[in-house]
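Written below as structure tokens is the structure these notes are about.
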Amino acid sequence: MLSAVGFTLQWGVSNVINWAYVDFMTLVAFLDYTFTHYLHWNFWPAAILSVLLIGVLSLAMNQLLVQPFLKRGIKFFNMLIVTFGLGTIVQYLIEVIWGPTFFSITVGGQQPIHVVGVKLTVAQLIIIGVAAASMVGFHLLLTRTDLGKAMRAVSVDPSLAQVSGIRTNAVLNMAWFLSGVLCGMAGLVLAFNTASFDSTTGTVYILQILAVVVLGGIGSPYGAMGAALIIGLVGEWAALLINPYFNVVVSLLALIVVLLWRPQGLFRSLTSGSGGGTA
15 MLSAVGFTLQ
25 WGVSNVINWA
35 YVDFMTLVAF
45 LDYTFTHYLH
55 WNFWPAAILS
65 VLLIGVLSLA
75 MNQLLVQPFL
85 KRGIKFFNML
95 IVTFGLGTIV
105 QYLIEVIWGP
115 TFFSITVGGQ
125 QPIHVVGVKL
135 TVAQLIIIGV
145 AAASMVGFHL
155 LLTRTDLGKA
165 MRAVSVDPSL
175 AQVSGIRTNA
185 VLNMAWFLSG
195 VLCGMAGLVL
205 AFNTASFDST
215 TGTVYILQIL
225 AVVVLGGIGS
235 PYGAMGAALI
245 IGLVGEWAAL
255 LINPYFNVVV
265 SLLALIVVLL
275 WRPQGLFRSL
285 TSGSGGGTA
């Protein structure tokens with residue numbers, strides 16, 4: 015859910031599919047591993063700094079790469095290739111710095127407890143709580159602040175927003191920073207819930223993220239939340255009743271069905287009416 019919301023935010027405000035997004039999800043795990051295992055930091059300082067660094071890198075990507083290319087009139091598909099190239103660079107840099115081996119992050123609070131009949135660890139409950147709080151905070155940002163209104167205005171028409179007095183560059187930078195923070199949080203959640211990770215861990219989730227974003231409606235954070243819940247539940251049921259590999263298959267089938275039936279997605283976009291997150 016966190017990964018899809020950040021991904022669709024970038025797509026909505028900049029009309030860019032950032033293929034490097036999943037590689038930043040991987041990078042945050044290696045940063046956290048470095049802080050906790052080599053520098054011996056505690057869990058929370060390491061996690062917070064790792065996430066903020068991904069936010070800064072995302073902002074830098076927008077400022078130094080995305081915006082210069084967009085101002086030159088680069089085509090949508092060509093921009094996709096640029097972000098794919100950046101993601102490949104990030105992936106190889108991870109291998110150069112940390113090596114092509116597998117790593118793992120140990121999180122405390124692994125004692126299982128029962129919550130409404132479901133067995134969860136304390137760490138998982140904390141992760142769920144942080145994710146839920148982040149989504150509530152993001153909702154309040156979009157609906158209750160001038161920044162949220164400015165993001166919606168920029169996503170509709172950047173030129174008109176600029177003429178109206180909105181500092182579009184600042185809004186875009188903030189949107190990319192926030193989406194980077196969500197990306198970092200998603201990457202840490204992924205690392206905490208997998209036995210081990212390497213430089214390619216994040217890349218296997220790009221199709222699922224795309225499926226969630228398209229299903230929810232491009233540029234719709236609320237749609238991404240709803241679609242992530244739908245695909246997650248259906249995928250888990252398919253994995254349980256049929257085969258574990260059907261988790262991914264369900265995501266792709268949902269993507270195909272939605273594109274055929276409702277190309278704009280099941281939910282309204284960031285720029286639509288109140289049902290899609292507008293004021």
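The numbering used here applies: residue 15 is where the sequence shown begins, and numbers increase by one. Quick reminder that beta carbons are idealized off the backbone N, C-alpha and C, glycines included.
- Runs of alpha helix (DSSP H) with 4 or more residues, each lying fully within the region 65-131, are found at 81-85 and 90-112, listed in chain order.
- For S265, the enclosing alpha helix (DSSP H) begins and ends at F260 to W275.
- The criterion of a C-beta distance shorter than 8 Å is satisfied by V264 and A252.
- By the neighbour-count criterion, in which a residue is buried when 16 or more other Cβ atoms sit within 10 angstroms of its Cβ, Y35 is buried.
- Pairing T22 with G230 gives a Cβ-Cβ distance under 8 Å.
- Apart from sequence neighbours up to five positions away, the residues of its chain that approach G194 with a beta-carbon distance below 6 Å are I68, G69 and S72, ordered along the chain.
- Collapsing the DSSP output to three states places L134 in a strand.
- Note on I127: under 16 other CB atoms within 10 angstroms of its CB, so exposed under the neighbour-count rule.
- Considering only D160, G99, V203 and A225, the residue with the shortest C-alpha distance to T182 is D160.
- With fewer than 16 other beta carbons inside 10 angstroms of its own, N207 counts as exposed.
- Ranked by Cα distance from P82, the first of S28, L174 and F44 is S28.
- Contact check between the region 94-111 and the region 204-220: three or more CB pairs, one atom from each, fall below 8 Å, which counts as touching.
- A Cβ-Cβ distance of about 6 Å is found for the pair T40 and S213, placing them in contact under the 8 Å criterion.
- Only buried fits I223, as 16 or more other CB atoms lie within 10 angstroms of its CB.
- In this structure A60 is in contact with D46, their Cβ atoms being roughly 5 Å apart against a cut-off of 8 Å.
- The alpha-carbon separation between M75 and F191 amounts to approximately 10 Å.
- Note on geometry: alpha-carbon atoms of S169 and G26 lie some 6 Å from one another.
- Taking C-beta separations shorter than 7 Å and ignoring five residues to either side along the sequence, the partners of W55 in its chain run F49, following chain order.
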